[in-house]
Structure formats: structure tokens, C-alpha cells
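Report on the structure given below.
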Amino acid sequence: MTNLQRIELLEKERTLPRKEMRALLESHTAQDAEALFARARAVRARVYGKAVWLRGLIEFTSHCKNDCYYCGLRRGNARAERYRLDRTEILACCKNGYALGFRTFVLQGGEDPFFTDARLAEIVRNIRTIYPDCAITLSLGERSRASYQALFEAGADRYLLRHETANAAHYATLHPAALSFENRMRCLRDLREIGYQVGCGFMVGSPGQTIDCLLDDLAFLQAFRPEMVGIGPFLPHKDTPFAAEAPGPLEQTLFVLAVIRLLLPTVLLPATTALGTVHPMGREKGLLASANVVMPNLSPVLVRKKYMLYDNKICTGEEAAECRFCLQRRVESVGFHIETSRGDPA
Ligand code: SAH
Ligand code: SF4
């Protein structure tokens, strides 16, 4: 089978035998990649037209009790600057965002014990009451089923929890023993059963990732069928155990993103900040590889630089309005347009 035949088959069947997927990932030309992107764009156009949805990202705490080896917010990083936004500050971000046309707020943070279920539920209830027409997305890491349930009942609709890698052995090389692959998977199942729209995802090029790991990731996505998938390159952070590791390659990230569009035609795929960090045109290239979501930052400028997951993270100096219109220009420069509705999956 040639790569073009594999791409055709993948589009038609929405799956590919592991052996053929391996061959496609392992060796392809720039021309093969362009053909894949064109097919992925066509599929995305059939489902979503030229729309790109906005999600307003509120990075509300840089405290984290975990020690993931890849992340700049890890507990063991004594040089990380820690902050948390209080309820009033979070609501101010939403107010600003609403005026700028945002209809999804994404509350993301480290796993910060200060934010108990009661505190979080109050914040979620407040946002739900003031903005009944908006989607509330949470991205707060691993919690108990009861906690996920309480936050859902308070009004949250979506949850982003990247699975990071679907290969248990690889998972154990990215995380200390206190974090388990089994619990990550338990969380994703609970979120799904409770009724959240669920996003999972992984870093491309994380240390130790092999083609087999990527094949496991794709098989997991096919089985789990998440509503959203967050994909970005791994990027090293200087104060982590992975400081000297190479960043994930842009081309492979784009290639995997387009493959995911063909596996899951209705999936919501963000052109991530990490893509924009690895290359100045990374997010535009992501859109051209079939991404259909952008996530401008709504966090107060004063805290932006403190939410450093990896080195050289972009968009840390601009006000929310600047970020939003900068992304709008970028989206339009590659022939798409911003949609200001909630952007639920098709
Ligand atoms: N604490 C929550 C959410 C914040 S971290 C959680 O872990 O789920 C959000 C995501 O940032 C992680 O899922 C991870 O995939 C990504 N991330 C962390 N460090 C990164 C790095 N060095 N390079 C690229 N992405 C990274
Ligand atoms: Fe904490 Fe999330 Fe970073 Fe892990 S990836 S250290 S859980 S913020």
C-alpha cells in the first residue's frame, strides 16, 4: 500500500490497521503530509465549515501538588512563581471575556488543594448564574468521582484531562509513582459517565515516546471517542528533570493532528499555544491541518508569566483583548473565521 492509499483508506473507514498506521507515521514525504492535511481539511469543512471556535483560557492557579517530570509547575520546581486568582478575579476575567465575545470559559490550573470542592462549586455556580449562555470547561487534573459530580451539578459542562500517553509503561516514565495511568483512565471514565463533554490528549515528542506509544494513543482515542483532543508538541522547561530533552517536532505534531481528524471527524481540535511556541506560524499550520478551536488567554497579564508549563511560552505579555484579536487575524489569514457561539460538538 502507498501512503496515499493509506490516507484514502483512513478517510473512508475512519480507521487503519495498526500495521498500516505504523507505516504511515514512520515514513512519509512532505507531499504525503500535504495530501493528508488536504483530506483532513475537507473532512473538517464538511462537518464544521470554515468556523473556528474561541475558548477563553483562565489560568487560575499555578500551585500544584503533583510532580509530573515534564511540567514547569511541578511541586519540585522551587523556582516556579506561585499565584492563585480568587473568585472575584476569576469572575472579572469572565466579564472581560464575555464582552470580547467569548462563550466558553476554560478554568485551568495545577492540582491546588486550596480549591476544595466547595470553593470550586461556588465559582462554577456563580459563572453559570451570570452567564447561562456560556459553556464552562474545567481543567483541574485528577479528582474523585464525587468531586467531578459536584462540579457538574454546579454547572460545568466540559472537562479537559489529557491522558498524556495511552501506554502505561511510558506513563510511568513521565510521572512519579504517586501518579498512575490507572487513575488517569478512571478519571476519564468517570467524567464521561457523569455526562461531561470530555477532552483528552497528549504531547507529541515527549521523552521516551515511540511510534508504538503514538499508535496506542490513536487506538485509545478511537475506543474512547472524546469530544475534544488537545495535541501539542512537548516543550522542555529549564527547571524540570526534562530540561535537556529535545522539543517535539512541529511536523509530526501536525501530522498526528490531521490523522486524528480523519479518525474522529466531529472532534474539536485546538491549535494549541504549544504549537504557536514551537513555531511562529504553528497555530496557523494547525488550522491548516484541520484544527478548529483557538484558546486566547483571558488571565490577568500580571500572572501570565507565572503559568510557565514550558520555556518561552507565547502570549504572556498581552491583554485579553489583544490576544483575542491577534488570534482572530491569524485565523482569518489562513481563510477561516471566528465563531462566537458555545461551539458544542456536531
Ligand atoms: N494540572 C492539569 C491542567 C494543567 S496542565 C493537568 O495536568 O491536567 C495542562 C497540560 O499542559 C498537561 O495536560 C500537559 O499535557 C501540558 N504540558 C505540561 N507541561 C508541558 C510541557 N513541558 N510541554 C508541553 N505541554 C505541557
Ligand atoms: Fe501539575 Fe498538571 Fe503540571 Fe502535572 S501537568 S505538574 S498536574 S500542572
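Residue numbering for the sequence shown follows this note's numbering, starting at -8 and increasing by one per position.
In this text, a Cβ means the ideal position worked out from N, Cα and C, and glycines have one as well.
{"Check": "Here's the rule: buried if 16 or more other CB atoms are within 10 angstroms of the residue's CB, otherwise exposed. What is Q99?", "Outcome": "buried"}
{"Check": "What are the start and end residues of the alpha helix (DSSP H) that includes L266?", "Outcome": "T264 to V269"}
{"Check": "Based on the DSSP output, what are the partners of Q243 in its beta bridges?", "Outcome": "In DSSP, Q243 forms no bridge with anything."}
{"Check": "Looking only at its chain, what residues have a beta carbon closer than 6 Å to the beta carbon of A249, apart from the 5 residues adjacent to it on each side?", "Outcome": "L27, F28, A31, A280 and S281"}
{"Check": "So, do the region 134 to 147 and the region 112 to 122 have three or more beta carbon pairs nearer to each other than 8 Å?", "Outcome": "yes"}
{"Check": "Is V292 closer than 8 Å to E275 when the C-beta atoms are compared?", "Outcome": "no"}
{"Check": "Report the partner residues of V294 according to the DSSP bridge assignment.", "Outcome": "Answer by DSSP bridge pairing: none, since V294 is not bridged."}
{"Check": "Taking the Cβ atom as the reference point for each residue, do K41 and F225 lie within a distance shorter than 8 Å?", "Outcome": "no"}
{"Check": "With DSSP collapsed to three states, give me the class of M272.", "Outcome": "coil"}
{"Check": "What do you get for F93, buried or exposed, if any count of 16 or more other CB atoms within 10 angstroms of its CB means buried?", "Outcome": "buried"}
{"Check": "Report back the beta-carbon spacing between V220 and V195 to the nearest angstrom; my notes put them in contact at under 8 Å.", "Outcome": "Not a contact, Cβ separation roughly 12 Å."}
{"Check": "Enumerated in chain order, which unbroken segments of the alpha helix (DSSP H) with a length of 4 residues or greater are wholly contained in the region -3 to 56?", "Outcome": "9 to 17 and 21 to 39"}
{"Check": "Can you list the residues near the ligand SF4, meaning Cβ strictly closer than 6 Å to any non-hydrogen atom, in the order they appear in the chain?", "Outcome": "C55, N57, C59, C62, L64, R65, G101, E102 and G132"}
{"Check": "Taking contact to mean at least 3 C-beta pairs separated by less than 8 Å, is the region 8 to 16 in contact with the region 297 to 317?", "Outcome": "no"}
{"Check": "Q188 bridges to which residues according to DSSP?", "Outcome": "R149"}
{"Check": "Is A42 near the ligand SAH, in the sense that its beta carbon is under 7 Å from a heavy atom of that ligand?", "Outcome": "no"}
{"Check": "Which of helix, strand or coil does DSSP assign to G100?", "Outcome": "strand"}
{"Check": "Could you tell me which of V285, R149 and I121 sits nearest to T128, measuring between CA atoms?", "Outcome": "R149"}
{"Check": "Between the Cα of I49 and the Cα atoms of E72, L64, A36 and E80, which residue gives the shortest distance?", "Outcome": "E80"}
{"Check": "Return the Cβ separation of I121 and F96 in integer angstroms, given the expectation that the two are a contact with Cβ distance under 8 Å.", "Outcome": "Contact doesn't hold; Cβ gap of about 11 Å is too wide."}
{"Check": "Does DSSP classify S324 as helix, strand or coil?", "Outcome": "helix"}
{"Check": "Relative to the C-alpha of F233, which candidate in D208, R65, M176 and M(-8) has its C-alpha closest?", "Outcome": "R65"}
{"Check": "What do you reckon, are the CB atoms on R75 and F51 nearer than 8 Å?", "Outcome": "yes"}
{"Check": "Taking 8 Å as the cut-off, decide whether the C-beta atoms of T244 and C306 are in contact.", "Outcome": "no"}
{"Check": "What's the C-alpha gap between S324 and R315?", "Outcome": "14 Å"}
{"Check": "Compute the beta-carbon to beta-carbon distance between S53 and G101, rounded to the nearest angstrom, for a pair I have assumed lies under 8 Å.", "Outcome": "6 Å"}
{"Check": "Along the alpha helix (DSSP H) that carries L82, what are the first and last residues, could you check?", "Outcome": "R78 to A90"}
{"Check": "Would the C-beta of A169 count as close to the ligand SAH, meaning under 7 Å from any of its heavy atoms?", "Outcome": "no"}
{"Check": "Helix, strand or coil: which one does DSSP assign to V195?", "Outcome": "strand"}
{"Check": "Using 8 Å as the cut-off, can you tell me whether the region 129 to 139 makes contact with the region 151 to 164, which would need three or more C-beta pairs spanning the two stretches below that distance?", "Outcome": "yes"}
{"Check": "Just to check, is the beta-carbon of G223 closer than 7 Å to a non-hydrogen atom of the ligand SAH?", "Outcome": "yes"}
{"Check": "List the endpoints of the continuous alpha helix (DSSP H) containing L206.", "Outcome": "I202 to F215"}
{"Check": "Based on Cα-Cα distance, which residue from A312, K86, S138 and C84 lies nearest to F106?", "Outcome": "S138"}
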